[in-house]
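Residue numbers (this note's numbering): 1 to 104.
The beta-carbon is built from N, C-alpha and C at its ideal position, and this holds for glycine as well.
A quick write-up on the structure given underneath.
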Amino acid sequence: MAMQGGFSDAPVTDQEVINAAMFAVEAQRTRTPVVNGSAPKQMNLLKILSARQQVVAGVNFALKMEVSLNGEKKVAETVVWWQAWRENPYALISWHWVEPIRQD
Numbered sequence: 001m002a003m004q005g006g007f008s009d010a011p012v013t014d015q016e017v018i019n020a021a022m023f024a025v026e027a028q029r030t031r032t033p034v035v036n037g038s039a040p041k042q043m044n045l046l047k048i049l050s051a052r053q054q055v056v057a058g059v060n061f062a063l064k065m066e067v068s069l070n071g072e073k074k075v076a077e078t079v080v081w082w083q084a085w086r087e088n089p090y091a092l093i094s095w096h097w098v099e100p101i102r103q104d
């Protein structure tokens with residue numbers, strides 16, 4: 001049973017979870033500064049590993065995702081805040097690289 005006001009599990013196949021994950025990856029990619037005129041990093045969502053949600057003034061999505069960063073698989077944890085009534089409903093609250101994925 002989820003604690004009132006706390007996070008509860010959410011299905012990784014839920015469309016709102018997928019939308020939040022895709023937003024997080026794009027927002028993080030665009031946050032990466034361009035260095036010496038080089039192109040922005042290539043970053044793609046590969047898989048949502050887990051998802052939790054918290055109802056606040058909107059919804060916080062806490063996501064653990066497998067991401068490809070310039071061809072290297074990595075794991076990231078992120079929190080995305082969503083408010084349906086805002087013009088731009090998503091905001092990236094946090095992004096943390098957890099570990100690279102070993103490719104044996």
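Contact defined as beta carbons within less than 8 Å: I believe residue i pairs with residue j. What is the distance between those atoms, to the nearest angstrom?
| i | j | result |
| --- | --- | --- |
| Leu-69 | Val-80 | Contact doesn't hold; Cβ gap of about 18 Å is too wide. |
| Val-25 | Met-43 | 6 Å |
| Phe-7 | Gln-54 | 5 Å |
| Ala-21 | Leu-45 | 6 Å |
Roughly how many angstroms lie between the CA atoms of residue i and residue j, to the nearest whole one?
| i | j | result |
| --- | --- | --- |
| Leu-63 | Thr-30 | 19 Å |
| Met-1 | Glu-87 | The pLDDT assigned to Met-1 is 43, lower than 50, so where the model puts this residue is not dependable; a value taken from the coordinates is nonetheless given after this. Roughly 34 Å between the two C-alpha positions. |
| Val-12 | Arg-52 | 9 Å |
| Gly-58 | Val-67 | 26 Å |
| Ala-10 | Trp-95 | 19 Å |
| Val-75 | Trp-85 | 31 Å |
| Glu-77 | Phe-61 | 10 Å |
| Lys-41 | Val-98 | 18 Å |
Return the bridge partner residues of residue i from the DSSP annotation.
| i | result |
| --- | --- |
| Ile-48 | Met-65 |
| Gln-54 | Asn-60 |
| Ala-91 | Trp-81 |
Can you name the start and end residues of the alpha helix (DSSP H) that residue i belongs to?
| i | result |
| --- | --- |
| Ala-27 | 15–31 |
Please list the terminal residues of the continuous beta strand (DSSP E) segment that includes residue i.
| i | result |
| --- | --- |
| Trp-82 | 72–82 |
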